[in-house]
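According to the UniProt record's numbering, the residues represented by the sequence shown are 1 to 873, in order.
Yeah, the Cβ is synthetic: ideal placement off N, Cα and C, and Gly gets one too.
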Amino acid sequence: MFWKIVAGVAALCIVLKRFFFDEPGQSHNARITCSDPYDDYRFYDDDHYNYPTPSYESPLYENPEYSENSDYSEDSDRIIISSASLEWPKITCQSMQISQSLKNEFLSLKTRNLKEKAASFLSKFNQKKQEFGNDMNIFLLSILSIDWTVFINKSIQNNETSEEFCFRCIEKTCIQLIPCLESVMKLRYDSVEQYKQANVAMIIINTMAQIEKEIVSDEQSSITGGEQSTTTDKQSTTDKQFLDMNLRTTTIFTNSQLVHIIFDCSLMAKEIFEKRLQFNNSLVTIEPVYNESNRTDETQFGYITDFFTTITNNESNSQNIGKLFFSMIMTKSSYQKLLPQPSSYFSNQKYRIKRLFYLRPSIRLIETLGYLELNRYESLNSIVKLDSNLFTCSLLPNQMYEQRLNFHSQKPYNIKEKEAIIAASNIVNQSDREKFQILMVQGPPGTGKTHTLIGMIKNIIANSSLSDLDHFHILICAPSNGAIDEIGRRLIAEKETFLHNRSLEIVRIGQSSRIHEDMIPYELDQRINSRLKDNNKNKRMEIRSKIMKEADIILTTLTSCQHSSLDMFRYSSKFFRCLIIDEASQCVEPEILMPLVYKSITKVIMIGDPLQLPATVISNRAQDAYYGRSFFERFDTYFNQQLFTTTIKITILTEQYRMRKEICSFPSKYFYDSKLQTANGSGYNHLININPYFIFDIKDSYESSLQISRLNLNEVKFVCKLFEQIIEKIGYKSNSLTITKLPVSIGIITFYQEQKKTILSQLMKKFPGNLIDQIKIDTVDAFQGQECDIVILSCVRAPDEFGHIGTIGFVRSQQRMNVALTRARSLLCICLHKKKFSKNSIWNKLLSDARQRNRLFSISSTIKDFQLKQMLV
């Protein structure tokens, strides 16, 4: 008995030693926390901490030359640069300092569950193997080396631009990155490594621009009390939210100049559950807390990688006090400034941590590039090099297969739509299942992309039964919630028509607050709750797994496609057989790659239009380097240049059902080589008895520059006058206070935010609120994918008040112009300054075309009502 007790005690000691006292070289293979606001924390909360599968199988850091007794020095911070090759720095663990008090505190936790989670938290902190290659280290080193207080305090000197300042900071710490930052994105790369480095560099500088924009937006909001920025994915402003925390332990990394540290603080249970989500995966500021005011020159920056709490989920609404631990990475130089004496972390010094920016979306892109390089190299290599074999597909089905094609729909399919549907069905159900292939379908404005997409899904599912495949699933992604919910609503409307013996099983993944109300019943959490009778977490996980496996269609944005609920399928060879990406031309290339982490995806269908607006890129440098060019556009541009005579091509939908022929005429001729045809009756509305197309040259208009936006007051005046005459023309008096629902939809779009705000404010002064609520007033960029019966386009640009003409800036973009000209169904009115816009070649073609068609009208902003009314015939 005695020896059994001794053996038991010895075994316990070994376990505890492994958890808390192992040498840094010993790996626990713990999983990496990838938690973020897009994940459902209720599925891996403190009682059931089910971390998402790591990006790679290997543990995080590796250093075979680790010496426990070694100390870091200034020499270890130096990065050796070889002139023969471009090598990015690697991180290795050099020195570990875990305070005995922290070890004792974790050992004294009351429950086995908490002890296991504490062990996981520490082991992840103490992992050595290189998890992300060099890319993550380059990213963090670059971001954390910037003194972001310069933007907070608006103290950039020497007339530097913000990007010049960031470049100068990078040159000091990570000069190897500069060649990539100074180059442009190629149409084709010779190697995966070149492609990956180029994209990582662009992700870094675009993230820097996003951080700067968020800081500036927050500062302006704090001064003006205006609305918060919504530029990122979702950077909810938290600059006034902070935590006062204690520094507990430190790990030093060599070469990459990084330090890994742990902070903790005591909080009420409810506050812990709020703060852990607000701060995790975020860039934060760190300042020592003194009795006097904090000194700006002591502000440093860190990235919070993980959290651990000493309370359980069922205590979240209690008054219990618990502890919140944050694992954080910062640069060594910042650490040494913050904590000059390494032993001082044993003191009672507190540090104030404020959230600055949510970094997880950018990190997710970098993780994806690294994961695909290691796990799907051949597929990635074919994308990088634009291998012609990747894009070939048969458009003609065999005779037996053709009998099974389902073209039944309330709205019939035209020839080109059928061609796209057949190609999609062939690539998924008829071709080699293991062969990685991509089908590209271009859908110009109004050509029924979503209608065609539904037909593709219907036929893919219906014809999958012809093979010996097991039940498989279709993953549908899009860059925005609006786009993915539009597909979902169309699927719901026809879900009974897809299968003979049951309705279509649909699951929507994402945050319920951003999902359309029609899709809420299909949201994953809602579907689980509908089946769950109690709050048993094990049962919840079981139901979640069952729902996901039963789903025919899984809908998610690209940002959320690596949600933890899908991690169980990452290494499956069967689960996903088909990926469909809608609005594929609106994504930067790393975003398109995100769903490919699922091994079973071998067939990809991309639907988009490279001639409409691309992805939004915040950094001017990244924009100039073509980072905003989508994979769709890169493919189209490259193969158009090669003059191939093979079967490589994009399937193009060529019949549009949105616009009157007069509105479609110019876009078809100048953007689509006159291939865009108008179906009979398109855009006709008997309530709108006005010529469909007008261009108004407002001769007395002038523009004013307002920081980052522009305003044209005389054009605003004319737009309001024009709106008044149009609604009277369709039967509504402007002085009526009893306007009910308008029988037609009206949109007013413009290229500038300030113009949009001013038009809205002026209309609200003159017209009743119930009328203005029915008018869509927005920027052109925000209006992509939308349409209205009547559209008024305010172009803003004009000579300034001194008569200087200048250029038209970003309005020169042909993609932006195409979107602006193709939103109207029945009536399009374009308001501009002819002399200004005639300086640009494509806009001058628009003016010449209108002149030839007698649709160009030169007027003054003070035109009389009766004169304008006479024109609107």
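Beyond the five residues adjoining it in sequence on each side, residue 302 comes within less than 6 Å, by CB distance, of 284, 286, 328 and 330 in the same chain, given in chain order. Per DSSP, reduced to three states, the secondary structure at residue 246 is strand.
Under the Cβ criterion (8 Å, minimum of three pairs), the segment 517-526 does not count as touching the segment 439-451. Considering only 306, 805, 200 and 151, the residue with the shortest C-alpha distance to residue 117 is 306.
Secondary-structure assignment with DSSP links residue 480 through no beta bridge to anything. Secondary structure in the segment 768-839: the beta strand (DSSP E) runs of 3 residues or longer, each lying completely within the stretch, are 775-779, 788-794 and 824-832 in chain order. Inter-residue distance for residue 145 and residue 521 is about 45 Å (C-alpha atoms, whole angstroms).
For residue 264, DSSP records a beta bridge to 246 and 325.
When DSSP reads this structure, residue 697 sits in a beta bridge with 832 and 858. If you draw a 10 Å sphere on the C-beta of residue 809, you find fewer than 16 other C-beta atoms in it, and that means exposed. Setting aside the 5 residues that flank it on each side, residue 725 is surrounded in the same chain by 865, 868, 869 and 872, each with a C-beta closer than 7 Å to its C-beta; the list follows chain order.
Sequence-distant Cβ neighbours of residue 600 in its own chain, meaning closer than 6 Å and more than five residues away, are 572, 573, 574, 575 and 576. The beta carbons of residue 617 and residue 206 sit about 6 Å from each other, so the pair counts as a contact at 8 Å. Secondary structure at residue 275: helix, using DSSP grouped into helix, strand and coil.
Put simply, the backbone Cα of residue 369 is about 14 Å away from that of residue 631. DSSP assignment within the segment 596-680 yields the following whole alpha helix (DSSP H) runs of 4 residues or more, N-terminal first: 620-624, 631-642 and 661-671.
The residues 321 and 323, in chain order, have a CB closer than 6 Å to that of residue 266 in the same chain once the five nearest residues on each side in sequence are set aside.
With contacts defined by Cβ atoms closer than 8 Å, residue 614 and residue 589 do not form a contacting pair. Excluding the 5 residues flanking it on each side, residue 668 has same chain C-beta neighbours closer than 6 Å at 674 and 676, in chain order. Using a 10 angstroms sphere on the CB of residue 696, the tally of other CB atoms reaches 16 or more, which defines it as buried. Distance from the CA of residue 789 to the CA of residue 444, rounded to the nearest whole angstrom, comes to 18 Å. Per the C-alpha coordinates, the member of 752, 188 and 716 positioned closest to residue 380 is 188. If you ignore the 5 residues before and after residue 472, its C-beta comes within less than 6 Å of the C-beta of 577, all in its own chain and listed in chain order. Contact between the segment 657-667 and the segment 681-696 is established, with three or more Cβ pairs separated by less than 8 Å. From the listed residues 378, 437 and 354, the smallest Cα separation to residue 389 is found for 437. Counting C-beta pairs with one atom in each stretch, the segment 417-437 and the segment 455-463 have three or more that are closer than 8 Å, which means they touch. Note that the C-beta distance between residue 174 and residue 141 is below 8 Å. For the pair residue 553 and residue 504, the CB atoms are nearer than the 8 Å cut-off. Here residue 754 is buried. Its C-beta has 16 or more other C-beta atoms within 10 Å. Under the DSSP assignment, residue 450 falls in the alpha helix (DSSP H) whose first and last residues are 449-463. Counting C-beta pairs closer than 8 Å gives three or more between the segment 747-761 and the segment 771-779, which meets the contact rule.
In this chain, residue 764 is not harboured by any beta strand (DSSP E); it is covered by the alpha helix (DSSP H) spanning 753-766.
Less than 8 Å divides the Cβ of residue 433 from the Cβ of residue 602.
Comparing alpha carbon positions, the residue from 582, 547, 564 and 543 closest to residue 557 is 582.
About 7 Å separates the beta carbon of residue 208 from that of residue 619, a gap short enough to meet the 8 Å contact definition. In the structure shown, the three-state DSSP call for residue 303 is strand.
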